[in-house]
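Chemist:
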Amino acid sequence: MKFFIIAYLLLLTACQLPAQTVSQNFNSGNRNAESANCWYTPGCSFTNTPTELIEGTFTLRTGQLTGGGNNSNGLISPWLKLTGNGAIAFKHRLTNFNNGSTRRVIVTLESATNQTIQDTLYQFVYGANDATTIQSVSVNIPAFTAGKIYRIRVVAFGTGGNSRCLIDAFSAIGTYWSNPAQDCKPLLLSIDTDGDGVVDKDDAFPTDANRAFSTVYPAASYGTLMFEDLWPSNGDNDFNDLVLNYSITTITNAANKVVELKYVLIAKAIGGVLKNGFAFQLDGIVSAKIIRVIRSKSPGNLFSLATNGVETSQQFANIPVFSNTQNLLQSAGGNFGVNIDKDFQFVTPDTTKLTLVFLENGVPALHQSTITANDVTPSLFNPYICLNQQRGKEVHCSDRVPSSLASLAFLGTMDDKSRPTANKYYKNKNNLPWALNIGSNVPYAKEGKDITISYLKLAAWALSGGAVFCDWYQSKSGYRNPVFLY
Amino acid sequence: MKTNFFKNRLHVLSTNLLAPLFLHKLPIHAFILIAFTCVVATPSCKKMDVLAPVAAPEKAQGFKWLIVNDEFTWADTRSISLDVIPLQTDSDLSALLYVKTVNDGTLITYNTSMKQALQIKFDLPTDQTKVKVVYGTIEKIIEITGNRIAFDFITPIPAQYE
Numbered sequence: 000m001k002f003f004i005i006a007y008l009l010l011l012t013a014c015q016l017p018a019q020t021v022s023q024n025f026n027s028g029n030r031n032a033e034s035a036n037c038w039y040t041p042g043c044s045f046t047n048t049p050t051e052l053i054e055g056t057f058t059l060r061t062g063q064l065t066g067g068g069n070n071s072n073g074l075i076s077p078w079l080k081l082t083g084n085g086a087i088a089f090k091h092r093l094t095n096f097n098n099g100s101t102r103r104v105i106v107t108l109e110s111a112t113n114q115t116i117q118d119t120l121y122q123f124v125y126g127a128n129d130a131t132t133i134q135s136v137s138v139n140i141p142a143f144t145a146g147k148i149y150r151i152r153v154v155a156f157g158t159g160g161n162s163r164c165l166i167d168a169f170s171a172i173g174t175y176w177s178n179p180a181q182d183c184k185p186l187l188l189s190i191d192t193d194g195d196g197v198v199d200k201d202d203a204f205p206t207d208a209n210r211a212f213s214t215v216y217p218a219a220s221y222g223t224l225m226f227e228d229l230w231p232s233n234g235d236n237d238f239n240d241l242v243l244n245y246s247i248t249t250i251t252n253a254a255n256k257v258v259e260l261k262y263v264l265i266a267k268a269i270g271g272v273l274k275n276g277f278a279f280q281l282d283g284i285v286s287a288k289i290i291r292v293i294r295s296k297s298p299g300n301l302f303s304l305a306t307n308g309v310e311t312s313q314q315f316a317n318i319p320v321f322s323n324t325q326n327l328l329q330s331a332g333g334n335f336g337v338n339i340d341k342d343f344q345f346v347t348p349d350t351t352k353l354t355l356v357f358l359e360n361g362v363p364a365l366h367q368s369t370i371t372a373n374d375v376t377p378s379l380f381n382p383y384i385c386l387n388q389q390r391g392k393e394v395h396c397s398d399r400v401p402s403s404l405a406s407l408a409f410l411g412t413m414d415d416k417s418r419p420t421a422n423k424y425y426k427n428k429n430n431l432p433w434a435l436n437i438g439s440n441v442p443y444a445k446e447g448k449d450i451t452i453s454y455l456k457l458a459a460w461a462l463s464g465g466a467v468f469c470d471w472y473q474s475k476s477g478y479r480n481p482v483f484l485y
Numbered sequence: 000m001k002t003n004f005f006k007n008r009l010h011v012l013s014t015n016l017l018a019p020l021f022l023h024k025l026p027i028h029a030f031i032l033i034a035f036t037c038v039v040a041t042p043s044c045k046k047m048d049v050l051a052p053v054a055a056p057e058k059a060q061g062f063k064w065l066i067v068n069d070e071f072t073w074a075d076t077r078s079i080s081l082d083v084i085p086l087q088t089d090s091d092l093s094a095l096l097y098v099k100t101v102n103d104g105t106l107i108t109y110n111t112s113m114k115q116a117l118q119i120k121f122d123l124p125t126d127q128t129k130v131k132v133v134y135g136t137i138e139k140i141i142e143i144t145g146n147r148i149a150f151d152f153i154t155p156i157p158a159q160y161e
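Here the protein sequences line up with chains S and X, keeping their order.
Just so we're aligned: 158 in numbering that gives the first Met the number 0 is position 159 of the first sequence, and the numbers increase by one with no gaps anywhere.
Just so we're aligned: 70 in numbering that gives the first Met the number 0 is position 71 of the second sequence, and the numbers increase by one with no gaps anywhere.
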């Protein structure tokens with residue numbers, strides 16, 4: 000990859016020549032909004048009183064000019080890169096000229112270099128006869144400002160009385176040089192090594208122009224999947240027939256397009272004897288969007304793979320992970336199950352890593368459009384097991400759609416009360432599931448230990464419809480019975 | 000007391016109704032025993048069913064005894080949609096917009112300019128009631144009510160420019 004270092008000024012258009020014209024007419028009527036855009040108006044308000052308007056729908060109105068030498072009553076522009084030519088223009092007048100002495104308005108420059116106010120470019124002293132006459136001002140921008148960063152201040156002064164200054168139709172030749180996302184400070188030179196438009200300090204891949212950001216779900220650690228595998232019959236509800244941890248990393252580029260989805264799946268425990276397979280579906284994502292699947296190991300013979308590595312004959316992308324739990328994790332000494340009883344030897348969990356490639360050098364799969372992170376939120380992750388080498392006998396989390404290869408004949412049999420027409424799946428007559436997906440790395444129940452006596456708030460959470468104890472899986476006091484957890 | 004009740008009733012029965020028959024020749028305790036046997040042998044006795052012991056409390060515990068609302072999804076996250084309200088600005092700069100948990104766990108990252116209207120979707124754990132949205136030095140805590148929230152770039156005017 001060709002390396003080059005660019006002094007990148009946060010947005011190349013900021014350096015364009017000829018210079019821009021920046022202007023302010025106050026017609027938003029919103030001081031906060033203009034402040035967010037780095038136009039400050041200390042001591043002022045935006046008036047739409049008809050007798051006070053100079054132009055448009057709003058005009059800037061200072062506070063009463065009684066502050067004498069107070070230097071903060073007026074308009075402060077954003078930082079601008081000046082060119083040393085062109086003009087500053089604006090209009091002004093007083094509301095009245097009564098009971099006061101000196102009234103004047105000045106224009107000064109504030110240098111970004113030393114942030115001192117200097118160089119009075121313009122001064123107008125109001126007299127009683129011209130105070131309420133609109134003055135149209137054009138002030139030449141001095142040559143010494145060329146290529147330098149300044150703010151322009153239009154400030155009104157006065158002593159005594161209640162006159163206010165009205166200012167409107169401000170413009171200046173110069174390039175907007177503030178950063179509204181950084182407290183309106185002047186733009187800084189930043190390095191963008193790979194030239195993708197994201198500066199190195201924000202770029203998770205500063206030398207790779209095709210990648211920029213990486214977001215991991217769950218944010219803190221792994222999620223946990225727990226399955227019962229006697230479906231469609233009810234099980235013993237220890238939810239440890241298969242236990243896996245998972246994490247999902249979304250890699251996007253500078254344009255927020257998904258480059259890759261990376262999965263880590265860790266099979267931790269097997270609390271049964273069935274030879275179950277495991278896969279997941281990305282609901283709504285067609286298989287063709289995936290250029291290829293990069294695997295750390297083969298998923299085995301239970302699944303048929305297309306050339307891009309997803310499963311064949313599926314409406315949505317289905318990614319097989321492994322075919323047989325009994326081959327994946329093997330108990331030591333022929334004991335029942337794996338990692339479900341502390342009396343037996345611990346077996347090292349098995350890790351599978353997968354990468355789904357959606358963009359290659361910025362280009363999507365043939366005839367496919369790009370997708371954003373909005374299109375692949377973690378809720379699309381639809382994991383399931385295939386029971387005892389029967390590809391069509393799938394068990395998903397509650398109300399998750401089966402894949403195209405699921406045998407629908409099992410639905411609604413024995414204890415399963417799925418109602419596909421109502422989008423209800425994988426729940427029994429009491430609406431209890433056969434699988435749980437928890438967005439946290441949590442321990443699982445030991446063999447034969449009901450999950451509700453292991454996680455003491457789960458029942459209340461479920462019975463309340465999720466209104467209470469949303470954190471039932473956490474390790475807070477009174478939430479778990481550690482004796483029953485592995 | 001129940002024993003006395005039945006004993007008294009059987010005594011009345013024996014002396015008033017059955018006495019004319021042969022039972023008057025039996026001692027009272029034998030009569031009571033015979034009568035009681037007849038009573039318990041009678042099927043469909045509602046009184047005995049009502050008094051029959053219920054399932055022991057421990058049998059009613061456990062996952063399988065739960066009856067849960069059909070609409071409950073058993074999910075511990077929910078989908079939230081964030082509307083980013085653009086700012087009318089002279090700046091074309093892009094920066095990263097982060098949506099985070101209040102504990103600074105990043106939920107989603109988006110590269111955007113302040114001029115761009117956006118809708119960003121993310122999944123939020125159900126026990127989280129707020130999120131933090133960060134854009135440069137702009138940081139706002141947003142309360143989650145429903146599944147749609149909004150963020151804008153407007154912050155209080157700095158004190159020195161108020």
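Ideal placement from N, C-alpha and C gives every residue a C-beta, glycine not left out.
The structure displayed is predicted, hence computed values, not measured ones.
Assuming the contact rule is C-beta atoms closer than 8 Å, X/T154 and S/A35 should be a hit. Round their C-beta distance to whole Å, please.
Modeler: The Cβ separation is near 6 Å, so the contact holds.
Chemist: Out of X/G135, X/T125, X/V98 and X/I137, state which residue places its alpha-carbon closest to the alpha-carbon of X/D82.
Modeler: Of the candidates X/G135, X/T125, X/V98 and X/I137, the one whose C-alpha sits nearest the C-alpha of X/D82 is X/V98.
Chemist: Name the chain S residues whose beta carbon is nearer than 8 Å to that of X/V67?
Modeler: Those within 8 Å of X/V67 in chain S are N429, N430, L431, A461, L462 and G464.
Chemist: Is S/T65 closer than 8 Å to S/T192 when the C-beta atoms are compared?
Modeler: Not closer than 8 Å, so no.
Chemist: Which residue comes first and which comes last in the alpha helix (DSSP H) that contains S/S297?
Modeler: From DSSP, S/S297 is part of no alpha helix (DSSP H); its letter is neither H nor E.
Chemist: Measuring only between beta-carbons, confirm whether S/C385 sits less than 8 Å from chain X.
Modeler: It does not: the Cβ of S/C385 has no partner Cβ on chain X nearer than 8 Å.
Chemist: Pick from S/N95, S/S76, S/K392 and S/E359: whose alpha carbon is nearest that of S/N128?
Modeler: Closest option to S/N128, Cα to Cα, is S/N95.
Chemist: In whole angstroms, what is the alpha-carbon distance linking X/F71 and S/V467?
Modeler: The straight-line gap from Cα to Cα measures roughly 13 Å.
Chemist: Leaving out five residues on either side along the sequence, give the residues of the same chain with a beta carbon under 6 Å from the beta carbon of S/I250.
Modeler: Excluding positions up to five away in sequence, the list reads R210, S213, V258 and E259.
Chemist: Name, please, each residue of chain X whose Cβ falls closer than 7 Å to the Cβ of S/D398.
Modeler: Simply T72.
Chemist: Determine the chain S residues that contact X/Q87 at a beta-carbon separation under 8 Å, and present them in chain order.
Modeler: In chain order: S27, A32 and N36.
Chemist: Compare the C-alpha of X/D91 against each of S/P363, S/D202 and S/W176 and name the closest.
Modeler: Considering only alpha carbons, the answer is S/W176.
Chemist: List the whole-angstrom C-beta distance separating S/A88 from S/V136, where the pair is believed to meet the contact cut-off of C-beta under 8 Å.
Modeler: So it is a contact: roughly 6 Å between Cβ atoms.
Chemist: Across the region 302 to 322 of chain S and the region 274 to 291 of chain S, are there enough close Cβ pairs to call them in contact, namely three or more that are closer than 8 Å?
Modeler: Touching, per the Cβ criterion.
Chemist: In terms of DSSP beta bridges, what is S/C385 paired with?
Modeler: S/C385 pairs with S/G276 and S/E393.
Chemist: Measure the beta-carbon distance from S/N436 to S/C469 and round it to whole angstroms, keeping in mind my assumption that it falls under 8 Å.
Modeler: Going by Cβ atoms, the distance from S/N436 to S/C469 rounds to 14 Å, so no, they are not a contact pair.
Chemist: Of all the CB atoms in chain S, is at least one closer than 8 Å to the CB of X/A149?
Modeler: No, its Cβ sits nowhere closer than 8 Å to a Cβ of chain S.
Chemist: Would you list, in sequence order, the uninterrupted beta strand (DSSP E) runs of no fewer than 3 residues that lie entirely inside the region 158 to 207 of chain S?
Modeler: Within the region 158 to 207 of chain S, the complete beta strand (DSSP E) runs of at least 3 residues are 164 to 172.
Chemist: Tell me S/F96's beta-bridge partners as DSSP assigns them.
Modeler: None, per the DSSP bridge assignment.
Chemist: For S/A331, which residues does DSSP report across the bridge?
Modeler: S/A331 pairs with nothing; no bridge assigned.
Chemist: Could you tell me how far apart the beta carbons of S/G270 and S/G336 are, in whole angstroms, since I believe they sit closer than 8 Å?
Modeler: Yes, S/G270 and S/G336 are in contact; Cβ-Cβ is about 5 Å, under 8 Å.
Chemist: Counting only the same chain and skipping the five closest in sequence on each side, list residues whose C-beta sits under 6 Å from that of S/N239.
Modeler: So the list reads A268, G270, I339, Y443 and A444, once near-sequence residues are dropped.
Chemist: Touching or not, the region 173 to 189 of chain S and the region 74 to 84 of chain S, by the rule of three or more beta carbon pairs under 8 Å?
Modeler: In short, these stretches touch, since the Cβ pair count reaches three.
Chemist: Taking Cβ positions, are S/S246 and S/G222 nearer each other than 8 Å?
Modeler: Result yes, Cβ atoms of S/S246 and S/G222 sit closer than 8 Å.
Chemist: How many whole angstroms separate the CB atoms of S/G83 and S/R152, which I take to be in contact at a CB cut-off of 8 Å?
Modeler: That belief does not hold up - the Cβ atoms of S/G83 and S/R152 are roughly 19 Å apart, past 8 Å.
Chemist: List, in chain order, every chain S residue whose beta-carbon is nearer than 7 Å to that of X/L126.
Modeler: Just to set this straight, residue 126 of chain X is Asp in the shown sequence, not Leu. Per Cβ cutoff of 7 Å: C469 and D470.
Chemist: Whose Cβ in chain X lies nearer than 9 Å to the Cβ of S/Y267?
Modeler: Per the sequence shown, residue 267 of chain S should be read as Lys rather than Tyr. Chain X residues near S/K267: none, gap ~19 Å exceeds 9 Å.
Chemist: For S/D207 and S/I190, I'd like the C-alpha separation in whole angstroms.
Modeler: Rounded to the nearest angstrom, the two C-alpha atoms are 14 Å apart.
Chemist: Check whether the Cβ of S/F345 lies closer than 8 Å to any Cβ atom in chain X.
Modeler: False, the Cβ-Cβ gap to chain X never drops below 8 Å.
Chemist: With 8 Å as the threshold, decide whether the Cβ of S/T376 is near any Cβ in chain X.
Modeler: Closer than 8 Å to some Cβ of chain X, the Cβ of S/T376 qualifies, so yes.
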